[in-house]
Every structure is written in structure tokens, then in C-alpha cells.
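Protein chains: 2
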Amino acid sequence: MDILNSLQTIVGQSNVLTGKDVTSRSVGWFDSNARQALALVRPKCTVEVSQVVRLCYQQSISIVVLGGGTGFVEGSISHEHQVVLSFERMNKIESIDEDNRSVLVQAGVPLQALHEFAQDHQLHFPVDLGARGSCTLGGMAATNAGGNEVLRYGMFREQVLGLEVVMPNGEIITNLRALLKNNTGYDIKQLFIGSEGTLGIVTRLTLRLRPLHNSVSTALVAVSQFEHLVTALRNLDRQLGGRLSAFEVMWQDHYQFIIDDGQKHQAPLSTEHPYYVLIQAANYHDLEADIFMSALEACMNDGIIVDAAIASSKAQQQAMWAIRDDIERLTTGLAPYIGYDISLPINRIAGYIDQLQTAIKSQWPEAKIIVFGHLGDGNLHLFIHVGPTLTAKTKDAINHLVYQPLANLSGSISAEHGIGLQKKSYLKYSRTQEEIALMQLLKKQLDPKAILNPGLIFDYSER
Amino acid sequence: MDILNSLQTIVGQSNVLTGKDVTSRSVGWFDSNARQALALVRPKCTVEVSQVVRLCYQQSISIVVLGGGTGFVEGSISHEHQVVLSFERMNKIESIDEDNRSVLVQAGVPLQALHEFAQDHQLHFPVDLGARGSCTLGGMAATNAGGNEVLRYGMFREQVLGLEVVMPNGEIITNLRALLKNNTGYDIKQLFIGSEGTLGIVTRLTLRLRPLHNSVSTALVAVSQFEHLVTALRNLDRQLGGRLSAFEVMWQDHYQFIIDDGQKHQAPLSTEHPYYVLIQAANYHDLEADIFMSALEACMNDGIIVDAAIASSKAQQQAMWAIRDDIERLTTGLAPYIGYDISLPINRIAGYIDQLQTAIKSQWPEAKIIVFGHLGDGNLHLFIHVGPTLTAKTKDAINHLVYQPLANLSGSISAEHGIGLQKKSYLKYSRTQEEIALMQLLKKQLDPKAILNPGLIFDYSER
């Protein structure tokens, strides 16, 4: 085929995979189906990406962009008539400017590689999430990844100083300036961050780094009322002067479900309390560990926190995080389940969860609803299991029960994970018609042939 | 005139100013010329803004949007055939959510009003700048304002959770959700932030608030080499765990020029040092004042800081800031002058300034070049005086000397102030042709009749 020859000319024969080399790969972490594609191409630089995209544009072949394949929302499914553009060879950290605290990377660099690189330079890249070994920085920019330290440092968007993007027609737009302040017209990079690869392909990034802490203080605490969670969050965040980096709440059912899993975890606290919070703060000075302790003590004296376990070693810190991070226990123990990633203003969370539990249990009395999340950001993860089978119809019914109330509560149907194909029929609960029309207009202008990641976020076809 | 009647029908007779009521106003703080306009209208709500814009759109009358009129870059000049849309009546703080730490405001609220309101609720809005009494939050969003605390909290963009915008055809796009995390398709608000009112008109905003500190620690220190400035910044930022909120550097000429102004200021430090830095950190706990002192002492022991004055009272803090903030001394003492607001990676600053001083002094040996800025953000302000007269030709020559080298140094011709009319012929030094073409494409799609703030940032006409 002509197109395969042309692709080989651009990236080299060994970097155009077809047939079994494609189908032997799965779609991603959360989709074990065999990947389908006309070809999977592995460019080594921006110019090759640009040439591949230009070729596809000319031939009206659509492109699915592939980072680490760790997305949750069916964002990188490909079909046998599509070209998959994989960033696996564009995994170089190109340069670091320690004085300026910035780093220039290719889009295929995995998150963990940047963590380690930064740490070697006594610096810190403050986005972290479970898929750190596989997820790529380009994919994280395209999806505006969140994770564990958003409370303190913001989403991925706020770490991006500069971007290089290949447009749907192959044009390269480069602005990799490592500047915190740059008010010279429209901040174009913002368009591409979080657009799930539908407007342009991120090829390189300039990212902001932060000072590395000396140590972290970690505690697992128990709280008896939702209102006290809010108070504890506000008191601790204030007393720690913004150094609070995690405030991860687990509802009782969640904590119990993980702890009851036999030998795997030791319980730092008994399972009788309504809420558990994993609290973490970074320390840059020895005195700050004392401040952490005194802030916790103040909350206990006020009755806002009813029990607390303070990690006194790195092993104890890891054991506490292992409880919070034991997603495998949920995915296996609750199968079949549906997972959610929503957000809403903090003082609406308790009422929303109560209402949702009632609504679901009235239809499925045996349902299990596991709730946990980054409360500091209003971000909740839900795992819902209603019985041994889960039909598409049931799934849709539960989706509506979860998503519909968010519209009136000014919430979001996707706090971190994005929309992809999976959530697009529920987008209306979070965005107005006018907003969706504006998104479609932008897509139409920037990608008139709908070449890039077609079908994600909203429906759009060449008109 | 028909149009005036129609405007009066929308906003009421007393809110359509014409003739003397318009010309008796100046263009803005930095332009004392009389304002010209077909009419200056003062809507009281978003619906009125929308109706005014729709009317102008239908009649192809262009609109100049007016906040506090404190911009530096000729962004709100209007002509006698244009409608000026003033936000002076849309100055209400609509609601606060203390638990969620967010506030909903109309676009015409002055910055200082929000500071005071937040403080009354034990919260902090972390953007601050000299024009605080007049500049409006809508204008600050439209221009992505910077200021004093960017090092810690980021630009205005990072404080915006939600926006309501009136589009050039009068359509209202509202997303005022108070969410830190919301990955539901394109983050449309980012398009409007920093676009200088050329793509849509900000009418209401949801802003993020932060915990209020207990106190601040302030010091003025002297540094003998530029490299030590960089080291001091990095050491202090690390040791203060991110609480460092100001690192304002004054080059010797600047400090001397202000101090030499007779009775106005007392010098906390002698004027013999090459650099002076005003350092400030927020404290949330008593121990943090000790950490501030020990971090400064460590820098002094290492010889990175050669002299220091620590403010021991609020009056002393204010006196130190008064030196940094005495812009009047510069504007009067250096008249005629040109002011600049540039940024570049921190380790390129010293070389750039040396080269610039040489280039300017070779043409104007008597020139005065005053340099100061937010070094933590790579942001420098320059005041350049070359002699008793300043022709347009000289101005342009100096502009090129300042701006041209920034292109190769990956700098920015405008860190905070924006482009407006004033800097648009130099935009090419900071943005590529492809970037400017993309900006023009966005303008063309969103404002096809070029109704809003025409002429700002780049040239664009209806095609």
C-alpha cells in the first residue's frame, strides 16, 4: 500500500507496525481488546510527527494519538482504517535549567522518569498519580492530568510553561519559552491543554519545577462528621501555610472494604469511624514537622479529629498510602463495577452522596457504593457495584443517577479523567449548549477535516 | 440618533453618556487626553451588556471595553464612532463560599474591594498591584494581571475558577462553577483570560481564595553579585517551603535614585551595593518567623547576602515597600522616559542588562537606565531616560534595542502589561508567525466583524 510506504519513508521501516505487531498490543490499561490500526507509527522527533500528520491530512486518514495508554475514558481506541501515532520513541528529557527551575521534555517521557530526573537535581515535579510509570507527559498535558498534589500546586495545566504542537495539517507551532510571565497575546497553549488531542498533538513541553522538600509528614486520622472534615481541611491548610499536599478522604465503607481484605493491610485505626483522612504535608525545615504535629493536636483538642495515627517511618507512610491506593482491591472485589471521577463544591458533597446512596439502594438494595477522593479539590472517586451482572442499560441508568444531580449542584462529571468516548453523552450535565457549540466551532476551525482523535469529547463531523 | 435611543432603552437614559460627559473623562491613568466616544454606556448586569453588544453587532459599531482604565499599553483608547462599555456599575461581590474558598464577583469590582472583603472572611485574594484601588477584576482577567505574589500563587489566570463572557454577537456563555478540577472538554475560559477583551467581554467571575496568613516577615537585603541573587532566591524559596511571596530586586542605580530623593525615604541600607532585594514571606504559625530569620542568617553566613535590614514593625515594612513602590519618583525624576515590562529566564538577565546598557550608552552616553523587578518570576521593569526630549523615532529605536535581543534569549516583550496598541509592532520578537496567524484565526472566528477592542494585539480586519 502506498500509505505504508510513505509512512516508512518518514519514520523508517521498523517504526511502522502493522498486522500482528499491532493486534498483539492491547488498546490500553483499561481495555484489554486487541488494538486495531492501519498502522502504528513511532516517530522520533517533531519533524517526523509533522510529516506523518501532513501525509494523513492530505489523504484524509484520521489519527489516534497514543501516550502511555493509561487513560480511563476510552480516549485512545483506534480502528483498522486509522493511523496510531505513538510517542514511545520520543522519550528524551532534553535539558534542564536549574536556576530557572524549568525542564524541556519530549512528549513521550513517562512521568516517573521526570520525577527521578528532577529529584537528582534537588527539584520536584509536583504532579503525581498511580500510572506514573507509564503515563506520558504529553498525554498528561493533552488531558490536563490531576492527581495527588493539586490542592497545593494545581493541575497539570499550571505546570506547563511552554508547548510545541503539531496542528492537524502538519504545521508546527512552537512556544517553549520557560517564562512564568508572558502576556504577549493569546495564551495559545491553553487551547491544547485538556483538549484530549483533538486540536493538535503535543510534541514537546517546557515544564515548571519546584523546590524539593526535606521530608514529608503523614498521618491517618478519623473524623466523625462530614462538617468536621471541612473544618479540618481548612484549619490544617491554614496552619500549614499552604504546605498541605494531600487531604485524601475515605468514607467508612471504603476503609473497611480495604482493611477487611485479610493479610494485605494492617489497620492503623479501627474501622468504626464514618470518615478517614490521609493527610500529608511537605517539610522544608525541621521545625515544620513540629508545626504539623501541633496543627493535628489542635484539631484533636477541638474534637474535629477523633483519632489519629502519625507515620513515624517511611515504611509507615507507605503503608498508609497503600490503603488509599489499593485500587486493585476495589476493581477485583467489586467487579463488575462502574468507576466515577466527579467534583463539586465541598459543602454540597455530603448531601449529594446521601441522595445518591438512597437513589441507588432504592433500585439495587444490595449495591455497594465506595466513596473516596481528594477532598481538598472537591474531587470524589466512586466505585459502584449493583450486582453480579452489569448490562449496558443498567450502566446508563446508574450513570444518569450519578451525573444528573451534578448539573444543579454546579459539579463536574469529570474532575480529572476527561470525557473521551465514554462520557460524551453526559457532557450536557456539565457544559451548556453554548459552550459545546463553541468547542465545536474551535474544532471545526483548527481541525476542519476531523483528522485528530475523531469522536472524542463531542460529536463532530466535517461539514 | 437612533443608536443612542436604543442604548438608552437598554441601560436607561442616565447611563448613556455623550458629549462633555465623555470628553471630561481622560482616556486612563496613563493617558490624560480627553476620551472620545459615540457614547459611554454603563450597564448594570450581564443581560444589559449582552443587549448593548448585540445592538452594536447588528449595526457594526465597534466597542471598547473599559475597566479601571489603569492599563499601560494603550488598551482602552476609544474613538468618536465607538461605543465605550464601562463596568463602573457592575461592582458587586455577589456571594462567597467560605468552605469552598471561592467568591463570585461582577467584572467591575475593584481589586481592593475584593482584598478587603476576603480579609473580613479570614481569606486572602493573592493578586496585588499598585493600581489596586481602581483596577477591576474583569479587566485583570482580560489582561491576565500579574503583580507582587506571582512567585507564590501564579498570575490572575490561576485564580480564575469560572467566567461568564458576552460574545461579540451578544451571546452569553456562562461557566461560573467553583471547581478546582473540571476536565469536561475544552477549558474555554482560558481563551478569554489575557485576550485583552478582543474575543469576548468578561461580565462575572468565580475566583479562588486562599488562607489568610497571621503575619508577614519582611527584609531588605544587599547582594554583591548577580549570581548570588539567583542563589539567594533559590535558597530562600526552598527553605521557606514556598511561603516566599516577594523577591523584588532593585539594581543599585534604582535604589540610589529613590534614596537620593531627599527627605522622602530613610535608607535601611547604605547605597554602595550592586543589588538590593525586598524579601517577604507570609507566616501562618509563630515558628515561621524564626524560620525566616534562620534562612536569612544562613545566606549571610554563606556570603550570599552581605547586609540585611529586617523590618520589626508594620511601619518598617511599609517604609521598605515604599522604596520599591515609589514609581512617582521614577516617572517625574526621569521624564521623559520609556517604561518596559519584560521577562526572560533568570540566568540570562545579567548578560541581557549588561548588553542593553552598553548599547544604549553608546548612543546616549548620558542615559539613565533604571532596572528593578520581580526576579522570582524573571520579570524586569525598566525605565529608560536618554535626554530632555524623546521623539517617536528615538522611542522606536530604543524599543528595538530593548525588545530585539529578547527573541534569541527566549524572553518576552511583555511579562505583565499586555500588548494593546503600544507594543503590537514588536510582537514578532516574542511570538512566531504561526502563533500570530493562529491568534488571527481565533479572532476571525469568534469576532468576525472585529467589533471588540479592534486593533489591539495584532492587526486584523474583516475579510
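Read top to bottom, the protein sequences are chains A and B.
Here the first sequence is numbered in the numbering used here, starting from 256 and rising by one per residue.
Here the second sequence is numbered in the numbering used here, starting from 256 and rising by one per residue.
Virtual Cβ for every residue (Gly too), placed ideally from N, Cα, C.
Values in this document were obtained by computation on a predicted structure and should not be read as measured data.
Roughly how many angstroms lie between the CA atoms of N472(A) and S598(A), to the nearest whole one? Residue identity check: residue 472(A) is Ser in the sequence provided, not Asn. Rounded to the nearest angstrom, the two C-alpha atoms are 26 Å apart.
Checking contacts by CB at 8 Å: is R440(B) closer than that to chain A? For the record, residue 440(B) in the displayed sequence is Gly; it is not Arg. Judged by the 8 Å Cβ criterion, G440(B) is in contact with chain A.
Cβ of L446(A) less than 8 Å from any chain B Cβ? For L446(A), the answer is yes, since a Cβ of chain B falls inside 8 Å of its Cβ.
Nearest CA to the CA of G673(B): which residue from H379(B), E413(B) and G401(B)? Considering only alpha carbons, the answer is G401(B).
What are the uninterrupted segments assigned as alpha helix (DSSP H) that are 4 or more residues long and contained completely in the segment 585-668 of chain A, given in chain order? You should have 604-618 and 647-663.
Can you check the segment 499-567 of chain B for any alpha helix (DSSP H) of at least 4 residues that lies completely inside it and give the ranges in chain order? Within the segment 499-567 of chain B, the runs of alpha helix (DSSP H) at least 4 residues long that lie entirely inside it are, in chain order, 507-514 and 542-556.
Just to check my reading of the structure: L527(B) and R579(B) have Cβ atoms closer than 8 Å, yes? What is that Cβ distance to the nearest angstrom? What sits at residue 527(B) in the sequence shown is Glu, not Leu. That belief does not hold up - the Cβ atoms of E527(B) and R579(B) are roughly 19 Å apart, past 8 Å.
Could you run through the segment 469-487 of chain A and flag, in chain order, every residue whose CB is less than 7 Å away from some CB of chain B? Within the segment 469-487 of chain A, the qualifying residues are V485.
By DSSP, does V364(A) sit in helix, in strand, or in coil? Look at V364(A) here: in three-state DSSP terms it is coil, with no helix or strand label.
Residue-level contact to chain A via CB, T301(B), 8 Å cutoff: T301(B) does not count as touching chain A.
Given this structure, state the Cα-to-Cα distance separating M395(B) from L434(A), to the nearest angstrom. One C-alpha to the other measures close to 19 Å.
By how many angstroms is the C-alpha of F380(A) removed from the C-alpha of M575(A)? If you take the alpha carbons of M575(A) and F380(A), they lie about 22 Å apart.
I560(B) and V476(B): beta carbons closer than 8 Å? With contacts defined as CB atoms closer than 8 Å, I560(B) and V476(B) qualify as a contacting pair.
In whole angstroms, what is the alpha-carbon distance linking S261(B) and P298(B)? Rounded to whole angstroms, S261(B) to P298(B) spans 13 Å at the Cα level.
Based on DSSP bridge pairs, tell me the residues matched to L454(A). For L454(A), which the question treats as bridged, DSSP gives no partner whatsoever.
Hey, quick one: how far does the alpha helix (DSSP H) through T687(B) stretch, first residue to last? Note, T687(B): premise wrong, no alpha helix (DSSP H); not H, not E.
At what residue ranges does the segment 293-331 of chain B contain a whole run of the alpha helix (DSSP H), taking only runs of 4 or more? For the segment 293-331 of chain B, whole alpha helix (DSSP H) runs of length 4 or above, ordered along the chain, are 301-314.
Can you check whether the CB of A670(A) is closer than 8 Å to the CB of N437(B)? Using a Cβ distance threshold of 8 Å, N437(B) and A670(A) count as a contacting pair.
Would you check if the distance between the CB atom of E329(B) and the CB atom of T398(B) is smaller than 8 Å? In this structure, E329(B) sits away from T398(B), with a CB-CB distance that is not shorter than 8 Å.
A662(B) at chain A interface by Cβ criterion, 8 Å: Judged by the 8 Å Cβ criterion, A662(B) is not in contact with chain A.
Take every Cβ of the segment 283-293 of chain B, pair it with every Cβ of the segment 334-341 of chain B, and state whether three or more of those distances are shorter than 8 Å. Segments in contact, yes.
Roughly how many angstroms lie between the CA atoms of Q263(A) and F547(B), to the nearest whole one? Roughly 60 Å separates the two Cα atoms.
Is N403(A) a contact residue of the ligand COA, with contact defined as CB to any heavy atom under 7 Å? By its list of ligands, the structure shown contains no ligand whatsoever, and the ligand COA lies outside what it can speak to.
Residues of the segment 671-697 of chain B with Cβ closer than 7 Å to any Cβ of chain A, in chain order: Using a CB distance below 7 Å, the part of the segment 671-697 of chain B facing chain A consists of E671, H672, G673, I674, L682, S685, R686, T687, E689, E690, L693, M694, L696 and L697, ordered along the chain.
K650(A) and I712(A) look like a contact to me (Cβ under 8 Å); what is the Cβ gap, rounded to whole Å? Taking 8 Å as the upper bound for CB-CB distance, K650(A) and I712(A) are not in contact here, some 20 Å apart.
Nearest by alpha-carbon distance to M505(B): which of G588(B), Q571(B), I624(B) and T458(B) is it? M505(B) has its Cα closest to that of I624(B), out of G588(B), Q571(B), I624(B) and T458(B).
Determine which residues share a DSSP beta bridge with A289(B) and list them. Checking the DSSP bridge columns, you'll see A289(B) partnered with S281(B).
In the structure shown, what three-state DSSP assignment does D383(A) receive? When secondary structure is reduced to three states using DSSP, D383(A) falls in the coil class, being assigned neither helix nor strand.
Kindly indicate which three-state DSSP category D354(A) falls into: helix, strand or coil? Here D354(A) sits in coil by DSSP.
In chain order, what residues of the same chain have a beta carbon less than 8 Å from the beta carbon of R718(A), not counting five sequence neighbours either side? Low per-residue confidence applies at R718(A): pLDDT is 46, beneath 50, and the placement is therefore not dependable enough to give any value.
Find the nearest neighbour of D632(B) within the set F447(B), V657(B), R603(B) and A622(B), judged by alpha-carbon distance. With distances taken between Cα atoms, D632(B) lies closest to R603(B).
Cβ shell of L656(B) (< 7 Å), same chain only, five flanking positions each side left out: Excluding positions up to five away in sequence, the list reads L611, A614 and I615.
In chain order, what residues of the segment 508-529 of chain A put their CB closer than 7 Å to some CB of chain B? Answer set for the segment 508-529 of chain A: empty.
Return the CA-CA distance between F447(A) and L682(B), expressed in angstroms with no decimal places. In this model, F447(A) and L682(B) are separated by some 22 Å (Cα to Cα).
Buried or exposed, going by whether 16 or more other CB atoms sit within 10 Å of the CB of N270(B)? In the assembly as shown, N270(B) is a buried residue. Its beta-carbon has 16 or more other beta-carbons within 10 Å.
Counting contacts by CB-CB distance shorter than 8 Å, is T236(B) in contact with chain A? Beyond the ends of chain B as shown, which are 256 and 718, falls residue 236(B); an answer cannot be given.
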